[in-house]
Amino acid sequence: LLLPARWFPLTDFPSNRYTATFRLNVPDSFAVAGTGKASAPTPMPGKNAVEGGRLLYTFDCKNPAPHGTFVVGNLQLNPKQAEGINVAVYAPKASSANAAEFASSVARSAIIFSDMFGPIPDPRFTLIQIPDGTLRDFAAPGVLLLSQRAWDPKGADRTIARLVASQWWGVQVLPATPGDVWISDGLARYSEALYAEQNAGKEAGLRAVDEFAVGALMYEDAAPIAQAARLAPYSPDYRSVVMNKGAMLFHMLRAQMGDIAFKAALHDFYFQFAEKSAGIDDFEKIAERRAQAAVRPQQDPPNLQAFFAQWLNSTGVPEFSLEYVVYRTPKGFRIVGKIKQPLDTFRMPVELRIDTEGNPELKTIDVIGTESGFTVETFGRPKAGGIKIDPNNLILKGSTSLRARAAIARGEDLAEQGRFYDAVTQYQRALSIQPNRPLANFRMGEAFFYQKNYQASANAFKEALQTVPEPSEKWTEVWSHIYLGEIFDLLGQRERAVNEYSKAKQTNDNTGGAQGTAERYLKKAYSEGGTSVAAPATNEPAKPALAIPTPASGEKPVLKKPTPPPQ
């Protein structure tokens, strides 16, 4: 029972706070966990002898909040404490062995966000496993829900961080209207990157930002962020626009304001609106005030009013191109050029990195409209092709690689739903954007495999092996060989299957347990009903084929074979 389903009368969603008492009558073989303080369950008689006994669970919610999320099932309570924080972990017995690791992950996030934003009134948490086929994850007051396929403390560490961050942005600070959810879901999503950076270093934070950019491009044109009320909550376009593009907007704002002013604005926003509702305008005012206060003498403040107007109220992202000529001067070199992009209303400072025969140089250019000229003086000779636009990825922008990844991610979302035909269409779109991209061919091979179109599947996997993949997608090589081996086994061609498994072994790539899988099928032929494993292309938001969960770290899990689509 999730609050957004509005399973009980609810007004002013998502901004309403209320106290409540919930009573849930369930079979005595089930447990109930959710929002509020739970009393010991009361035994109740069943309706008849066949039904058996029942239990009445009572949850008192005395502090006004958006209560009303509960999970009923064959759950086992595992009370844990980590870093002085109490975490109750509810999961089926078979999934309860790593409860302590989950508690540590929750506590780690809570401590980082308490230091960064300020403390929450009641830092106690309940983490509950929910079955696959519902939402991937969800947060409610004091409650974190995580699906079975994502139930891995290491792989879900960043997802848990987002759910914990929702206790600040989405529980303590509520959006004033459905159109203001950027300040809750968008900020909770960006908090993943803040957590990753704090916990594992700057590179980990940048990897998270890279995933946000891919996710933002998936359905970027569905609606402007400020019109989020048009989107169905937790739908693919909602995740793309509100959560991922919203997270990228916070990342760009951080670059505009500077780290200290940005984090001070988050701290101010929380303290001013904790236990209240806030709108986008409220956050804008705080950000503008902090940006003004951080300006140094003789320095102009960033134009945040124009920034918010551009990114909150419009669709479209820039896609930069560059033209330039290098001239020799008495003191070095002069670069005269133009930065082009398609959005007529675009205006932002854009960094240029110029790689020279000496030290690289970083310059900032004000890009206004579709074409902006610039002149840059350097001491060292610029290297051929050595000028990069936005080298630190401070701006959400399109590129051939990112748009291809976004199309692949859309296909992975569709494959997860069993819509393999539509998924193949997206993979073909990715190949039209970036021909011969191994990941697109690999995912197409997967889709055909689960449709039992083995000839088309084999062709796609062979195509994937024809091109050298990007380093982050190198795992497609070992898994293409394993899938080809499985196809040959299913077609009764054991010798060819063994050859493919042997090639998989020769890669020495153990992504997703590939080496163990190849070894197993070398000993015993693959058959339908066996376990097939493949690593995801990216982390969130790309969701690989059907039952393939996406970890929040770089680790690749052991994965289950998807259920074939209905015939």
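Quick note: to get the working numbering, add 2 to the position in the sequence shown (first position is 1).
From the three backbone atoms N, C-alpha and C, an ideal C-beta is built for every residue, glycine too.
These figures come from a predicted structure and were not determined experimentally.
Check	Outcome
Inter-stretch contact at 8 Å, needing at least 3 Cβ pairs: the segment 377-394 / the segment 417-424	no
CA-to-CA distance, Gly514 to Glu557, given in whole angstroms	Reliability fails at Glu557, whose pLDDT of 32 lies under 50, so the model's placement of it is uncertain and the value that follows must be treated cautiously. In a straight line, the C-alpha of Glu557 is about 8 Å away from that of Gly514.
Short Cβ contact (9 Å threshold) for Arg439 with Ala406	yes
Whole-angstrom distance between Pro180 and Ala234, CA atom to CA atom	10 Å
Option in Tyr197, Pro155, Pro123 and Pro47 with minimal Cα separation from Val173	Pro123
Coarse secondary structure for Arg421, derived from DSSP in three states	coil
C-beta atoms of Asn76 and Phe32 nearer than 9 Å	yes
Of the residues Val52, Gly48, Leu364 and Ser116, the one placed nearest Pro351, counting alpha carbons only	Leu364
Nearest-angstrom Cα separation, counted from Glu488 out to Ser529	8 Å
Cβ-based burial, Lys563 [other Cβ within 10 Å; buried from 16]	With a pLDDT of 38 at Lys563, under the threshold of 50, the modelled position of that residue is not reliable, and the figure given next carries that caveat. Counting Cβ neighbours within 10 Å, Lys563 comes out buried, since at least 16 surround it.
Residues near Phe273 in its chain [Cβ-Cβ closer than 7 Å; skip 5 each side]	Gly120
Secondary structure, beta strand (DSSP E): runs of 3+ residues fully inside the segment 262-291	278-280
Bridge partners - Trp171, DSSP secondary structure assignment	Val175
Enclosing alpha helix (DSSP H) for Lys507 [first to last residue]	Arg496 to Gln508
Reduced DSSP category for Ser186 - H, G, I as helix; E, B as strand; rest coil	coil
Sub-9 Å separation of Gln78 and Ser98 beta-carbons	yes
Opening and closing residue of the beta strand (DSSP E) in which Glu363 lies	Glu363 to Ile370
Option in Arg25, Leu345, Phe490 and Asp392 with minimal Cα separation from Glu353	Asp392
Pairwise C-alpha distance: Glu85 and Ala462	49 Å
Separation of Phe450 from Gln169, as counted between CA atoms	42 Å
Closest Cα partner of Lys39 within the set Tyr20, Thr60, Gly48 and Pro45	Thr60
First through last residue of the beta strand (DSSP E) which encompasses Pro351	Arg349 to Thr358
Three-pair Cβ contact test at 8 Å for the segment 311-322 versus the segment 340-347	yes
Separation of Ala527 from Val426, as counted between CA atoms	28 Å
Cutoff 9 Å: Phe15 Cβ touching any chain D Cβ	Within the model displayed, chain D is absent; a lone protein chain is all it includes.
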